[in-house]
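Read the structure below first, then the notes.
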Amino acid sequence: NKMATVKEVDTAMQADTNYSGIQSNSVQAIRRALFTEVKSFFKALEQWKKKPETFTGRPKFPNYSRSTDKRIIEIYQVPKVDDN
């Protein structure tokens with residue numbers, strides 16, 4: 003299985019108005035979470051193929067919310083005040 007690159011994911015997500023309106027550090031946190039979850043899924047899938055008896059069932063792809071449920075990643079920034 004070929005994993006999408008950061009650029010491919012970024013291009014695909016730019017079509018969403020919620021994605022384009024947030025700060026870049028939040029975007030990076032979302033991408034990190036996405037890549038971590040997808041990599042974990044494929045790793046679990048490989049292990050399941052080798053030893054299915056160690057799992058209760060086939061691993062499922064991460065399920066993301068549609069329109070009513072939202073997953074919020076908050077990034078807190080501390081503003082700096084320049085004395086000049």
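In case it helps, this note's numbering puts the sequence shown at residues 3 to 86. Don't be surprised by glycine CBs; every beta carbon is placed ideally from N, CA and C. Everything numeric in this text was worked out from a predicted model, so none of it was measured.
Cβ neighbours of F63 within its own chain (closer than 6 Å, five residues either side excluded): F43.
Collapsing the DSSP output to three states places M15 in a helix. DSSP places Y66 in the coil class of the three-state scheme, outside both helix and strand. DSSP places A6 in no alpha helix (DSSP H); its state is neither H nor E.
Closest option to N65, judged by alpha-carbon separation, among K51, K52, L36: L36. Rounded to whole angstroms, the separation of the alpha carbons of T58 and M15 is 33 Å.
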